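Q: First the structure, then my questions, so here it is.
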Amino acid sequence: NQVWDWLSGSAPVPADKAALLPDLQNLNKLFKLLLKARGERGAIEFETLETKMFFNKAGKIERIVPTSRNDAHRIIEECMLAANVCASEFLQKKKHPTLYRVHEGPTQIKLEKLQAFLAEFGLHLAGGDEPHAKDYADLLSKVKGRPDEQLLQTVMLRSLHQAVYSPENVGHFGLAYESYTHFTSPIRRYPDLLVHRSIKACLAAAQYKPGSWEAIGVHCSSNERRADEASRDVTAWLKCFFMQDHIGYEYDGVISGVTSFGIFVALNEVYVEGLVHVSDLGSDYFHFDAARHQMLGERTAKRYRLGDPVRIKVVRVDLDASKIDFVLVEPAEKEPEPAKATPRKTAAGATKANKSAAKPAAKAAAKAPAQPAKAKAGGHAKGGRR
35 NQVWDWLSGS APVPADKAAL LPDLQNLNKL FKLLLKARGE RGAIEFETLE
85 TKMFFNKAGK IERIVPTSRN DAHRIIEECM LAANVCASEF LQKKKHPTLY
135 RVHEGPTQIK LEKLQAFLAE FGLHLAGGDE PHAKDYADLL SKVKGRPDEQ
185 LLQTVMLRSL HQAVYSPENV GHFGLAYESY THFTSPIRRY PDLLVHRSIK
235 ACLAAAQYKP GSWEAIGVHC SSNERRADEA SRDVTAWLKC FFMQDHIGYE
285 YDGVISGVTS FGIFVALNEV YVEGLVHVSD LGSDYFHFDA ARHQMLGERT
335 AKRYRLGDPV RIKVVRVDLD ASKIDFVLVE PAEKEPEPAK ATPRKTAAGA
385 TKANKSAAKP AAKAAAKAPA QPAKAKAGGH AKGGRR
């Protein structure tokens with residue numbers, strides 16, 4: 035932020051830092067060129083929300099706020115991407131085995147589901163059976179600014195694979211790179227260290243042989259997911275601890291996930307997510323439509339779809355299970371006349387008793403692939419998810 039203040043002219047450069055300014059200005063020019071090249075390549079950029087938590091002296095969350103990014107952050111990101119590409123191309127040229135960061139395009143099944151969903155909005159993803167990253171990027175640009183932008187972006191993101199580590203270089207679909215690896219963070223990310231060792235071996239006219247590269251790639255990819263899950267678990271627990279003091283409060287939010295047992299809602303003001311169980315959606319019987327990411331009422335045709343705004347009340351917090359339960363705040367439904375009444379079923383076959391057991395696994399499935407941060411086609415360079 036300090037660097038951006040200097041580059042944007044919103045703050046004076048201290049005398050003891052003045053010598054840095056020319057280099058920073060050159061980096062800013064380089065960033066703009068790299069950004070232009072990114073657009074010409076057609077790299078995908080999904081915009082999602084990332085938050086940070088502020089704690090008091092007792093270690094409890096005081097507030098949760100969205101993080102902001104400026105061009106100083108993007109300068110670092112683009113330079114890291116360039117370094118990763120450089121390392122990848124060097125090892126490929128030397129024909130030395132290593133771990134590439136690979137990201138494949140959508141499967142035929144996911145592509146068909148995406149096209150069917152887009153058709154309901156009068157949209158179409160170009161590229162036929164084998165779309166390119168640029169086709170995704172062009173469609174994202176087309177829907178930018180629409181009220182349903184977040185919904186469309188989320189569904190497009192979920193049509194893609196997660197990036198993984200592999201000795202077989204199949205390119206990076208989301209970033210539109212033919213060759214890509216992770217090189218910039220060897221002190222905290224083991225695949226980067228392996229890449230450094232491979233480069234060191236090449237420079238010494240030797241070969242680095244750590245074992246089966248394929249097995250190492252699978253292991254590193256698996257551990258990356260485990261680390262992500264652990265981070266999410268800790269964050270979920272902290273947010274539950276925070277929300278214990280907010281039971282009974284009402285908030286506006288957006289449906290962030292739809293499952294057979296209910297809808298997940300992300301709150302606008304406190305950036306916390308919880309579940310509205312299907313049995314709390316009303317007296318109707320709701321059908322789960324996975325293809326359309328929605329719940330549809332059998333009798334009322336009431337629809338709850340991914341991305342829809344809703345208002346909720348916090349009713350329960352389970353700290354042990356790291357779960358938060360909401361109920362919808364809306365006018366009560368008018369019950370049908372007795373003569374026309376339909377036998378009421380347990381909504382979608384789910385009951386209150388089974389919702390705690392069902393939530394963790396179904397939630398993960400409903401929300402894959404995960405990113406958050408300014409998440410872009412498999413993650414961001416800084417967090418190692420590209």
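Convert by adding 34 to the 1-based position in the sequence shown; the result is the number in this note's numbering. Positions of the beta carbon are idealized from the N, C-alpha and C atoms, including for glycine. Every value quoted in this text rests on a predicted model; they were computed, and no experiment measured them.
In this structure, does DSSP put residue 256 in helix, strand or coil?
A: Helix at residue 256.
Q: With 16 as the cutoff for other CB atoms within 10 Å, does residue 104 come out buried or exposed?
A: Under this definition residue 104 is an exposed residue.
Q: Count the C-beta pairs between the stretch 192-203 and the stretch 239-259 that are closer than 8 Å, then say yes if the count reaches three, no if not.
A: Output reads yes: the stretch 239-259 touches the stretch 192-203.
Q: Go ahead and pull the three-state DSSP assignment for residue 330.
A: Residue 330: strand per DSSP, three-state reduction.
Q: Going straight from the alpha carbon of residue 331 to that of residue 185, what length do you get?
A: Each residue's alpha carbon lies about 20 Å from the other.
Q: What I want to know is whether the C-beta of residue 346 ends up closer than 7 Å to one or more non-hydrogen atoms of the ligand FMN.
A: As for the ligand FMN, it is missing from this structure, which has no ligand bound.
Q: What would DSSP say about residue 204, mapped onto helix, strand or coil?
A: Residue 204 falls in the coil class under three-state DSSP.
Q: For the beta strand (DSSP E) that contains residue 421, what are its first and last residues?
A: Any answer about residue 421 is impossible in this case: the structure gives the chain only from 35 up to 420.
Q: For residue 273, which three-state DSSP category applies?
A: Three-state result, residue 273: helix.
Q: Identify whether residue 141 lies in helix, strand or coil by the three-state DSSP scheme.
A: If DSSP states are grouped into helix, strand and coil, residue 141 belongs with coil.
Q: Can you name the residues that DSSP bridges to residue 300?
A: Paired residue(s): 288 and 307.
Q: Let me check understanding here. Comparing Cα to Cα, which of 207, 334 and 134 lies closest to residue 164?
A: Ranking the options by Cα distance to residue 164, first place goes to 207.
Q: Taking the alpha-carbon positions, what's the residue 63 to residue 175 distance?
A: Cα-Cα distance, rounded: 24 Å.
Q: Using 10 angstroms around the beta-carbon of residue 245, count the other beta-carbons present and answer buried if the total reaches 16, otherwise exposed.
A: Exposed, by the Cβ-count rule.
Q: With a cut-off of 8 Å on the beta carbons, I'd call residue 307 and residue 298 a contact; round off their distance for me.
A: Right, the Cβ-Cβ distance comes to about 6 Å (below 8 Å), so this counts as a contact.
Q: Note down, in chain order, each residue of its chain lying with its Cβ closer than 8 Å to the Cβ of residue 126, except the 5 sequence neighbours on either side.
A: If we look at residue 126 and ignore the five residues flanking it on each side, its Cβ neighbours are 203 and 213.
Q: With a cut-off of 8 Å on the beta carbons, I'd call residue 275 and residue 94 a contact; round off their distance for me.
A: With 8 Å as the limit, residue 275 and residue 94 qualify as a contact, their Cβ atoms being about 7 Å apart.
Q: Using CA coordinates, which residue listed in 136, 151 and 190 is at the minimum distance from residue 211?
A: Minimum Cα distance to residue 211 is reached at 136.
Q: What span of residues does the alpha helix (DSSP H) with residue 86 cover, start to end?
A: Careful: residue 86 lies outside any alpha helix (DSSP H), inside the beta strand (DSSP E) at 85-89.
Q: Measure the alpha-carbon distance for residue 321 versus residue 359 and round it to whole angstroms.
A: Between residue 321 and residue 359, the C-alpha separation is close to 20 Å.
Q: Measuring straight from C-alpha to C-alpha, what distance separates residue 50 and residue 59?
A: Going from the Cα of residue 50 to the Cα of residue 59 covers about 17 Å.
Q: Could you say which of 159, 209 and 336 lies nearest to residue 187 if we only look at CA atoms?
A: For the residues 159, 209 and 336, the minimum Cα distance to residue 187 belongs to 159.
Q: Please report the straight-line C-alpha distance between residue 156 and residue 96, rounded to a whole angstrom.
A: Rounded to the nearest angstrom, the two C-alpha atoms are 44 Å apart.
Q: If you reduce the DSSP assignment to three classes, tell me which class residue 199 lands in.
A: Residue 199 falls in the strand class under three-state DSSP.
Q: Going by beta carbon distance, what residues of the same chain come within less than 8 Å of residue 108, once the five residues before and after it are set aside?
A: Cβ neighbours of residue 108 beyond the five flanking positions: 65 and 69.
Q: Using CA coordinates, which residue listed in 218, 172 and 267 is at the minimum distance from residue 446?
A: Residue 446 cannot be examined here, being either before or after the span of the chain that is shown, 35 to 420.
Q: Looking only at C-alpha atoms, which of 36, 88, 112 and 42 sits nearest to residue 72?
A: Residue 112 is the option with its Cα nearest to residue 72.
Q: In this structure, does DSSP put residue 392 in helix, strand or coil?
A: Because the pLDDT at residue 392 is just 42, under 50, the model does not fix this residue reliably, and the point stays unresolved.
Q: Give the single residue among 301, 304 and 296 whose Cα lies nearest to the Cα of residue 19.
A: One cannot answer for residue 19 here, as it falls past the ends of the chain, which runs 35 to 420.
Q: Three-state secondary structure (DSSP) at residue 181?
A: Reduced to three states, the DSSP call for residue 181 is coil.
Q: Confirm, please, whether the CB-CB distance from residue 225 to residue 133 is below 8 Å.
A: A contact, by the Cβ cut-off of 8 Å.
Q: Nearest-angstrom Cα distance between residue 85 and residue 239?
A: Their Cα atoms are separated by approximately 46 Å.
Q: Taking the C-alpha atoms as reference points, what is the distance between residue 130 and residue 236?
A: When rounded, the distance between both Cα atoms is 7 Å.
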